[in-house]
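Peer 1: Numbering (our numbering) for the sequence shown: 2 to 298.
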Amino acid sequence: MAEAHMCSCLPPELEFKIFKLAALSRPASTPTLMRVAWRVKQWVEPLFYRTLAIGEEVIDGLPACDMQTLTRIIQTKSPAFLADAVRNVMLRYQEPYDAHVILSACPGIENLYLTPLFRHPTHHTLPAFDVPSLRQLYCHLDNVFDLYSIDPFVHTTLAPITHLEMFDDPGTIERHGPMRDIPLGTRLSVLPHLTHLALNLDHAIIWVCVQVLAECACLRVLVVFCENEWQEEGRDAGSEVLASDVRGVMMSLRNYLKDWQRGILTGNDYWARAEALIAKRISGEVDRRAFFLEDAN
């Protein structure tokens, strides 16, 4: 019996991998895993805070979190713990100051979904925006920056960005600020690491796509979203621009929030699906001019 008991013990390295995989695949189960043993708690507790989805519509598998809970976490966890643990944050319907507190407490954020912020009488944008590790950003830029006085694309926080989804009207960005009247494509081209960009068809007039594809040589994926009622018009408007450049993909997406969260859990977000279509167009698996992607959700 003693020998059988010894054989049932796993090497610590293997135990660590198993519990880490379990926590990453379903973060909501992490509190249960933490009760297994002290060493397991040390392994998986940081993974519980890896993704903070604040607001409604949290999908199954991710832990739900509200502002009150997050405030308590910020007050009880050390700054070093939060800086090391938190990587993905979804903020919805928050006051600009509250959003600033969260971002300041979690400087290791790499993936941020931020929209929309409440319009405060004195703070219409974030008091400051300093997230040095940021790689993916989904937001209204006018929630984050004062577009009348700042060109967001030269801000230091956006320099390392690889994936950007703008909810703004591109025309609004072009008409305001110190770089007004300079085409959006030209302004985006200063972002040295930008490889993935997403715009919305009800704002993104097709000529903007022409600019972006022409000016942003490093861009590998341009996603243009269209609502269901825009599909036929969108396909017609984008047929020549997006069909002639394999980097351009048009798609409909019913639930942006759930798609972002599924991307965190599984890696299968709209970026991944767009990349797959582009690869098929390049290889000849599908028609090279097939630029429209149906909603997978």
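Each residue gets a CB set at the ideal place from its N, CA and C atoms; glycine is no exception. Computed from a prediction, not measured in an experiment: that's the story for all the values here.
Quick one: Cα of Ser30 to Cα of Ser240, how far?
Peer 2: The residue given as residue 30 occupies position 29 in the sequence shown. The residue given as residue 240 occupies position 239 in the sequence shown. Roughly 45 Å separates the two Cα atoms.
Peer 1: Decide if Ile283 is buried, meaning its Cβ has at least 16 other Cβ atoms within 10 Å, or exposed.
Peer 2: In the sequence shown, residue 283 corresponds to position 282, counting from 1. It is exposed - the Cβ of Ile283 has fewer than 16 other Cβ atoms within 10 Å.
Peer 1: How is the beta strand (DSSP E) around Met167 delimited, first residue to last?
Peer 2: Walking along the sequence shown from the start, residue 167 turns up at place 166. Segment His164 to Met167, the beta strand (DSSP E) holding Met167.
Peer 1: Over the uninterrupted beta strand (DSSP E) stretch that includes Tyr257, give me the two end residues.
Peer 2: Translated into the one-based positions of the sequence shown, residue 257 becomes position 256. Not the beta strand (DSSP E): Tyr257 falls in the alpha helix (DSSP H), residues Tyr257 to Thr267.
Peer 1: Going by DSSP, which residues form a beta bridge with Asn112?
Peer 2: Within the sequence shown, the letter at position 111 stands for residue 112. DSSP output for Asn112 lists Asn89 and Gln137 as bridge partner(s).
Peer 1: Assess, as a yes-or-no matter, whether the region 59-79 is touched by the region 33-42 under the definition of 3 or more beta carbon pairs within less than 8 Å.
Peer 2: With a cut-off of 8 Å, the region 59-79 and the region 33-42 do not count as touching, because too few Cβ pairs lie within range.
Peer 1: Excluding the five sequence neighbours on either side, which residues of its own chain have a C-beta within less than 7 Å of the C-beta of Glu276, listed in chain order?
Peer 2: For the purposes of this step, residue 276 is taken as residue 275 along the sequence shown, with counting starting at 1. So the qualifying residues of the chain are Val222.
Peer 1: Which first and last residues belong to the alpha helix (DSSP H) in which Leu34 is found?
Peer 2: Counting from 1 along the sequence shown, the entry for residue 34 is found at position 33. Taken as a continuous stretch (DSSP letters only), the alpha helix (DSSP H) holding Leu34 covers Thr31 to Met35.
Peer 1: Taking 8 Å as the cut-off, does the region 83-99 touch the region 49-68 (at least 3 CB pairs, one atom from each stretch)?
Peer 2: Yes: the two stretches touch, three or more of their Cβ pairs being nearer than 8 Å.
Peer 1: Measure the alpha-carbon distance for Gly186 versus Cys140 and round it to whole angstroms.
Peer 2: If you number the sequence shown from 1, residue 186 lands on position 185. If you number the sequence shown from 1, residue 140 lands on position 139. Near 18 Å, if we compare the C-alpha coordinates of Cys140 and Gly186.
Peer 1: From this set, Val287, Cys227 and Asp246, which residue's C-alpha is nearest Ile217's C-alpha?
Peer 2: For the purposes of this step, residue 217 is taken as residue 216 along the sequence shown, with counting starting at 1. For the record, residue 217 in the displayed sequence is Cys; it is not Ile. Nearest of Val287, Cys227 and Asp246 to Cys217, Cα basis: Asp246.
Peer 1: Can you have a look at His164 and say buried or exposed, based on whether 16 or more other CB atoms are within 10 angstroms of its CB?
Peer 2: Here residue 164 is taken as the residue at index 163 of the sequence shown, counted from 1. Buried, by the Cβ-count rule.
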